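Engineer: One structure is given below, represented as structure tokens, and several questions about it will come after.
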Amino acid sequence: MSNHNCLKILVAGACLLFLTIGHSSHAQVAKGKWLAGGAITYQTGSEFEFAGQKISALGSDVSAFGFAPRVSYALSDRLVVGGRLGLAFASEEQTVAGQTVKFRANGFAIAPFARYYLSLGNRAYFFGEAAFNVGSINLNSDGQNLFSFSLFQVGINPGFAFFITDTISIELMVNGISFSSLKEKEASEPQDAFNLGPNFDQRGPTLGIQFFF
6 MSNHNCLKIL VAGACLLFLT IGHSSHAQVA KGKWLAGGAI TYQTGSEFEF
56 AGQKISALGS DVSAFGFAPR VSYALSDRLV VGGRLGLAFA SEEQTVAGQT
106 VKFRANGFAI APFARYYLSL GNRAYFFGEA AFNVGSINLN SDGQNLFSFS
156 LFQVGINPGF AFFITDTISI ELMVNGISFS SLKEKEASEP QDAFNLGPNF
206 DQRGPTLGIQ FFF
């Protein structure tokens with residue numbers, strides 16, 4: 006086969022790949038579409054993560070459940086903007102002076118975000134998400150409030166999305182660059198932290214699902 010024919014085949018293949026990617030982007034992440042979904046988390050151990058913060062104010066055997074629904078809108082075939090709610094519920098039982106004491110934590114946060122998608126093929130996408138979280142966490146025991154925290158977190162996180170159908174995607178996101186601040190109501194100074202790159206001791210990968218319509 007001549008070099009001229011090989012060049013024709015390469016050009017044709019590149020054009021076909023471009024058209025395939027372009028069609029995939031239009032069919033799945035497309036301007037004017039609404040997105041709805043969220044993530045559910047369950048954590049156990051001495052601490053739990055909520056809205057980018059590591060909370061360790063309970064004890065050593067905490068069970069925590071989190072739910073983060075989200076709604077967004079595609080401004081273009083790649084750019085999506087929206088908002089997310091963060092809800093967390095954690096509990097632990099401890100024995101104090103021979104009596105069982107229940108400790109509970111409740112968290113609430115809101116997070117506006119923007120996400121940019123890059124197509125990796127027919128059904129796979131890489132995305133980067135910029136978001137900031139504002140919220141609060143309350144710790145109580147037997148109905149009495151023990152601590153109240155306010156939190157703020159801003160970050161840029163990478164992720165991967167795979168469409169199992171034309172309208173449903175499964176996504177995995179890890180923490181990237183972030184700054185967070187946690188302040189106890191009675192404290193004079195907040196606890197600030199800057200994170201760069203995945204830190205699975207503080208926050209593991211988040212698995213979620215999205216519906217496009």
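Under my numbering, think of the first position of the sequence shown as 6, with each following residue one higher. All C-beta atoms, glycine included, are put in the ideal place defined by N, C-alpha and C. Keep in mind it's a predicted model, so treat the numbers as computed, not measured.
Report yes or no: do the stretch 97 to 104 and the stretch 124 to 144 share at least 3 C-beta pairs separated by less than 8 angstroms?
Structural biologist: The stretch 97 to 104 vs the stretch 124 to 144: no contact.
Engineer: For Asn147, which three-state DSSP category applies?
Structural biologist: Reading the sequence as shown, one finds Asp at residue 147 and not Asn. Note: Asp147 maps to coil in three-state DSSP.
Engineer: Using a 10 Å radius around the Cβ and a threshold of 16 neighbouring Cβ atoms, would you call Ser29 buried or exposed?
Structural biologist: The predicted position of Ser29 is uncertain, since its pLDDT is 42 and thus under 50; no value can be drawn from it.
Engineer: Look at the alpha carbon of Pro195 and the alpha carbon of Gln215, and state the distance between them as a whole number of angstroms.
Structural biologist: Rounded to the nearest angstrom, the gap between the Cα atoms of Pro195 and Gln215 is 35 angstroms.
Engineer: Tell me the rounded alpha-carbon separation between Tyr121 and Phe165.
Structural biologist: 11 angstroms
Engineer: Could you tell me which of Asp171, Gly133 and Glu189 sits nearest to Leu144, measuring between CA atoms?
Structural biologist: Among Asp171, Gly133 and Glu189, the Cα nearest to that of Leu144 is on Glu189.
Engineer: Under the rule that 16 or more other beta-carbon atoms within 10 Å means buried, what is Gly148, buried or exposed?
Structural biologist: exposed
Engineer: Alpha carbon to alpha carbon, what distance is there between Ser77 and Gly213?
Structural biologist: 14 angstroms
Engineer: Within 10 angstroms of the Cβ of Val106, are there 16 or more other Cβ atoms? Answer buried if so, exposed if not.
Structural biologist: exposed
Engineer: With respect to the beta strand (DSSP E) encompassing Gly42, which residues constitute its N-terminal and C-terminal limits?
Structural biologist: Trp39 to Gly50
Engineer: Of all the options Leu80, Gln48, Ser81 and Phe72, which has the alpha carbon lying nearest to the alpha carbon of Asp66?
Structural biologist: Gln48
Engineer: Which residues in the same chain have their Cβ closer than 6 angstroms to the Cβ of Glu134, if we skip the five residues on either side of it in sequence?
Structural biologist: Phe118, Arg120 and Asn162.
Engineer: Report the partner residues of Pro74 according to the DSSP bridge assignment.
Structural biologist: Gly43
Engineer: CA-CA distance, Ser96 and Phe113?
Structural biologist: 15 angstroms
Engineer: Does Ile169 come out as helix, strand or coil in the three-state DSSP assignment?
Structural biologist: Here Ile169 sits in coil by DSSP.
Engineer: Tell me the residue span of the beta strand (DSSP E) that contains Phe217.
Structural biologist: Where Phe217 is concerned, the enclosing beta strand (DSSP E) stretches over Thr211 to Phe217.
Engineer: So, at 6 angstroms on beta carbons, what are the nonlocal neighbours of Gly123 in its own chain, with the 5 sequence-adjacent residues on each side left out?
Structural biologist: Note that residue 123 corresponds to Leu in the displayed sequence, not to Gly. Closer than 6 angstroms at Cβ, skipping near neighbours: Phe131.
Engineer: Since Gln104 is in the beta strand (DSSP E), which residue starts that stretch and which ends it?
Structural biologist: Gln104 to Ser124
Engineer: What's the call for Cys11, buried or exposed, on a 16-neighbour Cβ count within 10 Å?
Structural biologist: Residue placement at Cys11 cannot be trusted, given a pLDDT of 45 that sits under 50; what the coordinates show is reported in the next sentence. When all chains shown are included, Cys11 counts as exposed.
Engineer: Who are the near neighbours of Ile173 in its chain, counting only those whose CB is closer than 8 angstroms to its CB and skipping five residues on each side?
Structural biologist: Ile214, Gln215, Phe216 and Phe217
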